[in-house]
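Student: Going line by line, the protein sequences match chains A and B.
Under our numbering, read the first sequence as residues 2 to 348, first letter to last.
Under our numbering, read the second sequence as residues 2 to 348, first letter to last.
The beta-carbon is built from N, C-alpha and C at its ideal position, and this holds for glycine as well.
There are 2 protein chains.
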Amino acid sequence: MSTIKDVAKAAGVSPSTVSRVISDHPRISQQTKERVRGIMRQMGYHPNAIARSLVRQSSFTIGLMMSRSAEQALLNPFFPEIIRGISTVAREFQYSLLLSTASTLEQEHTECLQMLRARRVDGVILLASRTRDPLVEDLLAEQYAFVVVGRVPGRERVYWVNNDNVAAAREAVNHLILRGHRDIGFVGGPADFVVTQDRLEGYRQALAAHGLRFNPQLVQHSDFSRESGYAAARLLLHGAPGRPRPTAIFAVDDVLALGVLQAAHDLGLQVPGDVAVVGFNDIPLAPYLSPPLSSVRIPIYNMGQEAARLLITVLQGGQPSVPQIVLPAELVVRASSGAEVLAAERR
Amino acid sequence: MSTIKDVAKAAGVSPSTVSRVISDHPRISQQTKERVRGIMRQMGYHPNAIARSLVRQSSFTIGLMMSRSAEQALLNPFFPEIIRGISTVAREFQYSLLLSTASTLEQEHTECLQMLRARRVDGVILLASRTRDPLVEDLLAEQYAFVVVGRVPGRERVYWVNNDNVAAAREAVNHLILRGHRDIGFVGGPADFVVTQDRLEGYRQALAAHGLRFNPQLVQHSDFSRESGYAAARLLLHGAPGRPRPTAIFAVDDVLALGVLQAAHDLGLQVPGDVAVVGFNDIPLAPYLSPPLSSVRIPIYNMGQEAARLLITVLQGGQPSVPQIVLPAELVVRASSGAEVLAAERR
DNA sequence: GGCGGTGGTTCAAACGTTCGCACTGACATT
DNA sequence: AATGTCAGTGCGAACGTTTGAACCACCGCC
Chain A
2 MSTIKDVAKA
12 AGVSPSTVSR
22 VISDHPRISQ
32 QTKERVRGIM
42 RQMGYHPNAI
52 ARSLVRQSSF
62 TIGLMMSRSA
72 EQALLNPFFP
82 EIIRGISTVA
92 REFQYSLLLS
102 TASTLEQEHT
112 ECLQMLRARR
122 VDGVILLASR
132 TRDPLVEDLL
142 AEQYAFVVVG
152 RVPGRERVYW
162 VNNDNVAAAR
172 EAVNHLILRG
182 HRDIGFVGGP
192 ADFVVTQDRL
202 EGYRQALAAH
212 GLRFNPQLVQ
222 HSDFSRESGY
232 AAARLLLHGA
242 PGRPRPTAIF
252 AVDDVLALGV
262 LQAAHDLGLQ
272 VPGDVAVVGF
282 NDIPLAPYLS
292 PPLSSVRIPI
302 YNMGQEAARL
312 LITVLQGGQP
322 SVPQIVLPAE
332 LVVRASSGAE
342 VLAAERR
Chain B
2 MSTIKDVAKA
12 AGVSPSTVSR
22 VISDHPRISQ
32 QTKERVRGIM
42 RQMGYHPNAI
52 ARSLVRQSSF
62 TIGLMMSRSA
72 EQALLNPFFP
82 EIIRGISTVA
92 REFQYSLLLS
102 TASTLEQEHT
112 ECLQMLRARR
122 VDGVILLASR
132 TRDPLVEDLL
142 AEQYAFVVVG
152 RVPGRERVYW
162 VNNDNVAAAR
172 EAVNHLILRG
182 HRDIGFVGGP
192 ADFVVTQDRL
202 EGYRQALAAH
212 GLRFNPQLVQ
222 HSDFSRESGY
232 AAARLLLHGA
242 PGRPRPTAIF
252 AVDDVLALGV
262 LQAAHDLGLQ
272 VPGDVAVVGF
282 NDIPLAPYLS
292 PPLSSVRIPI
302 YNMGQEAARL
312 LITVLQGGQP
322 SVPQIVLPAE
332 LVVRASSGAE
342 VLAAERR
């Protein structure tokens with residue numbers, strides 16, 4: 002493997018000159034540049050990124066922390082998509098991506114700090130947000146550059162990129178209300194997740210906007226698994242004193258919606274005739290379910306891009322124009338909530 | 002950020018001693034080790050991986066090349082799974098993962114070589130295999146350490162990890178034959194893909210084993226998209242002179258099988274009554290299709306683990322016991338091919 | 001009392017870059 | 001003739017580690 006010194010020797014110049022040729026320094030004559038470049042090509046020289054990083058005190062690498070959170074169901078192509086977005090921007094700015102996976106929260110915590118402390122990465126993007134995340138606290142305390150994908154409530158100085166869960170949920174529920182539904186069930190994830198809270202807020206706002214009463218009995222929580230979605234839906238669809246049987250269910254994740262569909266089927270209920278269903282995340286299989294599932298599509302790729310842009314801006318010493326970015330989501334109406342016959346009319 | 006020198010000064014020893022404490026060198030007294038470790042903790046010292054890499058002439062990092070090949074449909078959780086496998090082993094051996102994505106083959110080619118030449122990674126794992134891959138040729142020519150996930154035919158000295166596509170396809174088709182099917186359609190990917198060839202070979206072997214004639218007319222190719230699977234299935238299911246209407250279809254990918262199911266539905270054919278369907282890869286949605294799709298489950302996670310083990314062995318100067326690893330796949334029979342009523346009896 | 005052995009430590013040279021500063025001519029200006 | 005300007009290049013010190021070789025004190029042994 003040839004070094005800058007070998008090239009310098011062969012070209013009859015000093016290593017510094019070769020270095021300046023590499024960085025296209027203006028004070029090197031065009032003639033020298035061309036000659037040195039020729040030699041570099043000829044010798045098959047490629048600059049050593051490690052050595053450069055050492056002296057530049059920067060690895061030009063972004064750390065990517067992906068944990069196996071409950072939210073990341075296998076069905077969800079969240080990771081490939083967001084990585085694609087991040088990667089596009091990173092390459093544009095000549096940054097590399099260091100990937101770290103973790104199976105537990107503690108592991109995620111230590112691995113993440115490890116990358117940063119060992120100076121292997123200049124900053125990190127966290128692909129999971131939790132309420133009161135101790136990792137976030139540590140990152141702030143040690144003053145590392147980082148961006149979170151997902152909202153971080155309460156911490157004003159944290160950079161994050163999120164989709165507008167409140168608005169999206171509001172739109173989804175609004176859509177159901179406009180189709181004549183008045184009793185709408187809500188199937189959420191764990192109650193302490195920010196996403197659950199935000200989507201529940203959107204649900205409430207939609208109800209309020211139409212003068213509908215919020216009935217806590219129509220709200221069920223789950224652990225994001227299909228099974229728990231199934232259980233929640235069965236409970237809701239059975240009805241109870243004080244709890245009307247909902248004619249529509251809004252699930253905060255398509256995997257949950259999958260369970261809801263299954264429950265409806267098992268109870269002999271037609272979707273959307275007897276109960277309409279809207280999910281969230283628009284997983285790729287949504288169009289292929291029977292009936293095809295209405296869902297909220299979130300701009301994962303764009304979120305990745307924005308997260309990367311935000312982090313790189315910070316790393317390059319810039320001040321991001323906005324520390325938090327909220328991207329709009331889009332409701333995709335399919336048959337599961339788009340029946341020609343309104344549920345209300347059917348009764 | 003404190004360095005090894007700062008620690009040395011504070012501990013009243015030389016930097017070399019601190020270095021040897023870090024690597025737990027036997028010639029350093031227990032007493033000194035403990036004292037130095039205390040100081041390191043107290044000062045919040047963490048070794049600089051970049052500097053270490055420079056002198057050790059190794060980055061202890063594995064490059065991961067993921068390209069947007071046609072095969073990697075968004076439906077397929079291939080990447081998260083295989084990365085999880087690779088990552089597990091990498092962490093075990095203290096290796097980091099550098100991720101590079103590419104949208105074109107040329108980009109993949111240059112990015113991959115770039116990582117290696119810049120000494121950013123010690124070796125790479127290629128997450129896509131193609132016949133006569135120029136990247137593989139270059140990697141061989143420049144003597145870089147690499148492992149391919151997927152079979153690389155013709156190159157004996159390439160390390161790779163694959164699932165046994167021939168055997169798996171044979172088993173799948175065998176299953177259909179045992180259920181009474183004699184005219185079995187084959188929907189493959191592009192003809193020059195190794196996976197297609199291998200799975201077609203398995204198909205032929207199964208037929209041969211039961212003394213069934215191979216009918217080239219029953220073989221259709223596609224580009225791995227759902228649409229092309231649909232088109233291929235329509236063609237097959239229409240029948241033609243010299244081409245009997247198949248009572249079963251084996252698709253080399255579940256996304257293709259999705260198209261096949263759709264085609265059957267549109268033609269008013271019952272699955273599995275009129276036509277049985279078996280797919281490949283066992284995507285997570287397979288159980289939720291109607292009918293649930295029979296498919297071949299491949300051990301993606303294990304393949305990732307094996308690939309990482311192989312590469313790390315090579316990087317550490319070892320000689321892998323076997324340069325190529327073939328892992329078994331498993332047929333998962335579901336309703337799409339598992340009807341109680343055999344298709345043959347129904348006619 | 002010289003000698004070898006050994007446990008514990010230090011010295012100093014790498015590893016391959018970058019970059020502030022100094023240097024050298026050539027030419028222009030006073 | 002002395003000085004200034006400027007393009008073009010080189011010097012050398014970093015950056016934070018690792019590691020072979022050298023060193024030193026101490027011990028026991030003949």
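Would you mind working out which of A:185, A:84, A:223 and A:197 sits nearest residue 214 of chain A, comparing C-alpha positions?
Tutor: Taking the first sequence and counting its residues from 1, the one referred to as residue 214 of chain A is at position 213. Selected option, being the one with the closest Cα: A:185.
Student: Could you run through the region 287-298 of chain A and flag, in chain order, every residue whose CB is less than 9 angstroms away from some CB of chain B?
Tutor: Here the close residues are 289, 290 and 291.
Student: Is residue 329 of chain A near residue 168 of chain A, with beta carbons less than 8 angstroms apart?
Tutor: Here residue 329 of chain A is taken as the residue at index 328 of the first sequence, counted from 1. Here residue 168 of chain A is taken as the residue at index 167 of the first sequence, counted from 1. Yes, they are a contact pair.
Student: Any C-beta of chain B sitting closer than 8 angstroms to the C-beta of residue 282 of chain A?
Tutor: Taking the first sequence and counting its residues from 1, the one referred to as residue 282 of chain A is at position 281. No, no contact with chain B.
Student: Measuring only the C-alpha atoms, how far is residue 337 of chain A from residue 240 of chain A?
Tutor: Position 336 of the first sequence, counting from 1, holds the residue named residue 337 of chain A. Position 239 of the first sequence, counting from 1, holds the residue named residue 240 of chain A. Cα-Cα distance, rounded: 21 angstroms.
Student: What does the Cβ neighbour count give for residue 221 of chain B, buried or exposed, with the cut at 16 atoms within 10 Å?
Tutor: Counting from one through the second sequence, the residue named residue 221 of chain B turns up at place 220. Buried, since its Cβ has 16 or more Cβ neighbours within 10 Å.
Student: Is the Cβ-Cβ distance between residue 124 of chain A and residue 94 of chain A less than 8 angstroms?
Tutor: For the purposes of this step, residue 124 of chain A is identified with residue 123 of the first sequence, where counting begins at 1. For the purposes of this step, residue 94 of chain A is identified with residue 93 of the first sequence, where counting begins at 1. It is not a contact, given that the beta carbons lie outside the stated cut-off.
Student: If you measure beta-carbon to beta-carbon, which residues of the region 71-100 of chain A are closer than 7 angstroms to chain B?
Tutor: Answer in chain order: 75, 76, 78, 80, 81, 84, 85, 88, 97, 98, 99 and 100.
Student: Let me confirm a value: residue 352 of chain B is counted as buried when at least 16 other C-beta atoms fall within 10 Å, else exposed. Which label applies?
Tutor: The first residue shown for chain B is 2 and the last is 348, placing residue 352 of chain B beyond what the model contains.
Student: Report the partner residues of residue 296 of chain A according to the DSSP bridge assignment.
Tutor: For the purposes of this step, residue 296 of chain A is taken as the residue at position 295 of the first sequence. In the DSSP output, where bridge partners are listed per residue, residue 296 of chain A has A:280 and A:333.
Student: Are the C-beta atoms of residue 47 of chain A and some chain B residue less than 8 angstroms apart?
Tutor: Residue numbering aside, residue 47 of chain A sits at position 46 when the first sequence is read from its first letter. True, the Cβ-Cβ gap to chain B drops below 8 angstroms.
Student: Checking contacts by CB at 8 angstroms: is residue 348 of chain A closer than that to chain B?
Tutor: Counting from one through the first sequence, the residue named residue 348 of chain A turns up at place 347. Note that residue 348 of chain A scores a pLDDT of 38, beneath 50, so its modelled location is shaky; the value from the coordinates is reported in the next line. Output row for residue 348 of chain A: interface = no.
Student: Excluding five sequence neighbours on each side, which residues of the same chain lie with their C-beta closer than 7 angstroms to the C-beta of residue 71 of chain A?
Tutor: Reading the first sequence from its first residue, position 70 is the one you call residue 71 of chain A. Residue confidence is low: residue 71 of chain A scores 46 on pLDDT, short of 50, so the model does not pin down where it sits. Its coordinate-derived value is still stated next. These residues qualify, in order along the chain: 224 and 225.
Student: Just checking: is the beta-carbon of residue 68 of chain A within a distance shorter than 8 angstroms of some beta-carbon in chain B?
Tutor: Locating residue 68 of chain A in the first sequence gives position 67, counting from the first residue. No, no contact with chain B.
Student: Between which residues of its own chain and residue 263 of chain B is the CB-CB distance below 7 angstroms, once the five residues before and five after are set aside?
Tutor: What you label residue 263 of chain B is simply residue 262 of the second sequence in a count that begins at 1. These residues qualify, in order along the chain: 231.
Student: Please confirm if residue 18 of chain A has its CB atom under 8 angstroms from at least one CB of chain B.
Tutor: For the purposes of this step, residue 18 of chain A is taken as the residue at position 17 of the first sequence. So no, residue 18 of chain A is outside the interface.
Student: Whole angstroms is fine: what's the gap from residue 86 of chain A's alpha carbon to residue 105 of chain B's?
Tutor: If you number the first sequence from 1, residue 86 of chain A lands on position 85. If you number the second sequence from 1, residue 105 of chain B lands on position 104. Cα to Cα, residue 86 of chain A sits roughly 15 angstroms from residue 105 of chain B.
Student: Quick check on residue 257 of chain A: does DSSP put it in helix, strand or coil?
Tutor: Position 256 of the first sequence, counted from the first residue, corresponds to residue 257 of chain A. If DSSP states are grouped into helix, strand and coil, residue 257 of chain A belongs with the helices.
Student: Do we get a CB-CB distance below 8 angstroms when we pair residue 118 of chain A with the residues of chain B?
Tutor: Here residue 118 of chain A corresponds to residue number 117 of the first sequence, with the count starting at 1. Residue 118 of chain A counts as touching chain B.
Student: Pop quiz: residue 1 of chain B and residue 234 of chain B are said to be a contact at Cβ under 8 angstroms. What is the actual Cβ separation, rounded to whole angstroms?
Tutor: With chain B covering 2 to 348 only, the question about residue 1 of chain B has no answer from this structure.
Student: Taking contact to mean at least 3 C-beta pairs separated by less than 8 angstroms, is the region 202-216 of chain B in contact with the region 169-177 of chain B?
Tutor: Short answer: they touch.
Student: Do residue 299 of chain B and residue 164 of chain B have their CB atoms nearer than 8 angstroms?
Tutor: As a first step, residue 299 of chain B must be located in the second sequence, where it is residue number 298. As a first step, residue 164 of chain B must be located in the second sequence, where it is residue number 163. Going by C-beta atoms, residue 299 of chain B is nearer than 8 angstroms to residue 164 of chain B.
Student: For chain B, check one thing: does any of its Cβ atoms lie closer than 8 angstroms to the Cβ of residue 55 of chain A?
Tutor: For the purposes of this step, residue 55 of chain A is identified with residue 54 of the first sequence, where counting begins at 1. So, interface residue.
Student: Thinking C-beta only, is residue 288 of chain A closer than 8 angstroms to residue 227 of chain A?
Tutor: Working through the first sequence from its first residue, we reach residue 227 of chain A at position 226. Working through the first sequence from its first residue, we reach residue 288 of chain A at position 287. Cβ atoms of residue 227 of chain A and residue 288 of chain A: not closer than 8 angstroms.
Student: For chain B, is any of its Cβ atoms less than 8 angstroms away from the one on residue 132 of chain A?
Tutor: Position 131 of the first sequence, counted from the first residue, corresponds to residue 132 of chain A. No - not a single Cβ of chain B is within 8 angstroms of the one on residue 132 of chain A.
Student: The beta strand (DSSP E) spanning residue 234 of chain A covers which residue range?
Tutor: Residue 234 of chain A sits at position 233 when you count from the first residue of the first sequence. Segment 227-239 is the alpha helix (DSSP H) holding residue 234 of chain A; no beta strand (DSSP E) there.
Student: Short of 8 angstroms Cβ to Cβ, which residues in the region 23-53 of chain B face chain A?
Tutor: Answer set for the region 23-53 of chain B: 47, 48, 49, 50, 51 and 52.
Student: Work out the CA separation of residue 272 of chain A and residue 290 of chain B for me, nearest whole Å.
Tutor: Taking the first residue of the second sequence as 1, we reach residue 290 of chain B at position 289. Taking the first residue of the first sequence as 1, we reach residue 272 of chain A at position 271. Distance between the alpha carbons of residue 290 of chain B and residue 272 of chain A: 16 angstroms.
Student: Please tell me whether residue 7 of chain B has its Cβ less than 8 angstroms away from any Cβ of chain A.
Tutor: The count along the second sequence starts at 1 and reaches residue 7 of chain B at position 6. Output row for residue 7 of chain B: interface = no.
Student: Residue 146 of chain B bridges to which residues according to DSSP?
Tutor: As a position in the second sequence, residue 146 of chain B is number 145, starting the count at 1. B:124.
Student: Would DSSP call residue 271 of chain B helix, strand or coil?
Tutor: By one-based count along the second sequence, residue 271 of chain B stands at place 270. Residue 271 of chain B falls in the coil class under three-state DSSP.
Student: If you drop the 5 nearest sequence neighbours on each side, which residues of the same chain put their C-beta closer than 6 angstroms to that of residue 349 of chain A?
Tutor: This structure cannot speak to residue 349 of chain A, because chain A is shown only from 2 to 348.
Student: Specify the secondary structure class of residue 100 of chain B as computed by DSSP and reduced to three states.
Tutor: Residue numbering aside, residue 100 of chain B sits at position 99 when the second sequence is read from its first letter. The answer is strand: DSSP assigns residue 100 of chain B an E or B state.
Student: Can you pull the chain A neighbours of residue 102 of chain B, defined as C-beta to C-beta under 7 angstroms?
Tutor: Taking the second sequence and counting its residues from 1, one reaches residue 102 of chain B at position 101. Per Cβ cutoff of 7 angstroms: 84, 85 and 88.
Student: Give the DSSP-derived three-state secondary structure of residue 244 of chain B in the structure shown.
Tutor: In the second sequence, counting from the first residue as 1, residue 244 of chain B sits at position 243. Strand at residue 244 of chain B.
Student: For residue 154 of chain B versus residue 195 of chain B, is the C-beta spacing smaller than 8 angstroms?
Tutor: Residue numbering aside, residue 154 of chain B sits at position 153 when the second sequence is read from its first letter. Residue numbering aside, residue 195 of chain B sits at position 194 when the second sequence is read from its first letter. Going by C-beta atoms, residue 154 of chain B is nearer than 8 angstroms to residue 195 of chain B.
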